[in-house]
Structure formats: C-alpha cells, structure tokens
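Residue numbers (the numbering used here): 201 to 369.
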C-alpha cells in the first residue's frame with residue numbers, strides 16, 4: 201500500500217502527543233520521529249492551523265479541540281453507544297460492578313463506553329483511555345482471544361528489551 205509519508209508523519213506526531221502528558225517540545229518530536237527539525241515544524245504548524253494541535257505559552261505542543269469533534273463524529277457514525285449502552289446498563293445492574301465497551305487498537309485497548317456498577321469499588325477507566333492489552337482484566341480478555349501469532353508478535357513488540365518471566369502451563 202502506498203502511503204503519503206508526510207501524512208504518516210503527521211499522524212505519528214498526533215500519536216506522540218496522545219501518549220504524552222503536559223505536551224511535547226519541537227525538539228522531542230523531531231528527535232523521536234528521527235526527522236529534520238524543519239519537517240517537524242512544518243507539520244506541527246499545519247496541525248496548529250487546523251486546531252488539531254495547540255501550542256502553549258511554553259512552546260509545548262498538545263492535542264487540540266478539532267480532534268474532539270472528529271472523535272465525537274466518529275462515535276456517532278459508529279452508532280455503537282445506542283446499541284451497547286442498554287446492554288452495559290443491564291450487565292452492570294446484574295453483576296453490580298462496572299461494565300465497559302472496549303475495542304482493540306493494535307496492541308492496545310481503548311474504552312469507548314463505561315457504565316458504573318452499584319458496588320463501592322470502581323475501576324478508573326474513562327472514555328478514550330488506551331493501554332496495552334496485558335493491562336487490566338478487560339484488555340486481558342481481548343488478548344486471550346487473539347491468535348497465537350498475534351500474541352507472539354505482541355510479546356516481541358511490547359516487551360522488547362524488557363526482562364520478564366513468562367510462565368505457560
């Protein structure tokens with residue numbers, strides 16, 4: 201598949217900003233992407249002009265409000281909430297704990313909807329939270345239903361250069 205390199209880099213910038221808290225400097229972004237400073241600057245200026253990215257008073261870049269509108273529109277297009285919310289409410293009422301609609305996004309899972317149960321213990325998962333599939337019971341359930349090939353690739357990618365002990369029965 202032919203990809204437009206500049207568009208791909210712009211998306212990678214959005215991914216970097218999504219995974220940061222407090223924003224990122226221009227230097228951090230071009231270093232992380234291994235691209236020229238001028239290229240990163242041009243891409244960021246384009247994203248800022250469309251409000252997909254904001255630049256604060258400390259010259260740190262953060263995700264912008266245009267992404268919220270895109271996300272809300274995507275949510276409406278999917279129509280999932282209308283179908284899933286009644287089921288999640290019924291499930292949470294029956295089992296008395298929080299219920300989630302979570303979808304896999306590559307090696308991570310993202311929360312699209314959450315309904316609180318009646319028990320006083322609640323899981324702190326909010327709309328848009330995205331973590332690796334081995335983090336949390338709901339994501340582990342998704343991971344457990346993936347193919348052996350996916351799980352092998354997942355382990356190789358996510359745990360690359362990390363010392364872990366894997367125990368299989």
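Think of the CB as a built atom: it goes at the ideal place given N, C-alpha and C, for glycine as much as any other residue.
Using DSSP with H/G/I as helix, E/B as strand and the rest coil, what is residue i?
{"i": "residue 263", "result": "strand"}
{"i": "residue 305", "result": "strand"}
{"i": "residue 249", "result": "helix"}
{"i": "residue 255", "result": "strand"}
{"i": "residue 268", "result": "helix"}
{"i": "residue 275", "result": "helix"}
{"i": "residue 223", "result": "coil"}
{"i": "residue 326", "result": "coil"}
{"i": "residue 237", "result": "helix"}
What are the start and end residues of the beta strand (DSSP E) that includes residue i?
{"i": "residue 309", "result": "308 to 315"}
{"i": "residue 332", "result": "330 to 332"}
{"i": "residue 340", "result": "Careful: residue 340 lies outside any beta strand (DSSP E), inside the alpha helix (DSSP H) at 337 to 344."}
Counting C-beta neighbours from all protein chains within 10 Å, is the total for residue i 16 or more, i.e. buried, or is it exposed?
{"i": "residue 241", "result": "exposed"}
{"i": "residue 300", "result": "buried"}
{"i": "residue 247", "result": "buried"}
{"i": "residue 338", "result": "buried"}
{"i": "residue 211", "result": "exposed"}
{"i": "residue 243", "result": "buried"}
{"i": "residue 371", "result": "As shown, the chain starts at 201 and ends at 369. That puts residue 371 outside it, with no answer to give."}
{"i": "residue 287", "result": "exposed"}
Determine whether the Cβ of residue i lies closer than 8 Å to any Cβ atom of chain B.
{"i": "residue 204", "result": "The structure shown contains no chain B; it holds only a single protein chain."}
For residue i and residue j, I'd like the C-alpha separation in whole angstroms.
{"i": "residue 215", "j": "residue 292", "result": "32 Å"}
{"i": "residue 220", "j": "residue 251", "result": "18 Å"}
{"i": "residue 302", "j": "residue 225", "result": "31 Å"}
{"i": "residue 310", "j": "residue 331", "result": "7 Å"}
{"i": "residue 321", "j": "residue 278", "result": "30 Å"}
{"i": "residue 238", "j": "residue 245", "result": "10 Å"}
{"i": "residue 360", "j": "residue 354", "result": "9 Å"}
{"i": "residue 335", "j": "residue 273", "result": "28 Å"}
Got a sec, what are the start and stop residues for the alpha helix (DSSP H) residue i sits in?
{"i": "residue 284", "result": "280 to 295"}
{"i": "residue 208", "result": "205 to 218"}
{"i": "residue 352", "result": "348 to 358"}
{"i": "residue 232", "result": "226 to 233"}
List the DSSP bridge partners of residue i.
{"i": "residue 300", "result": "314"}
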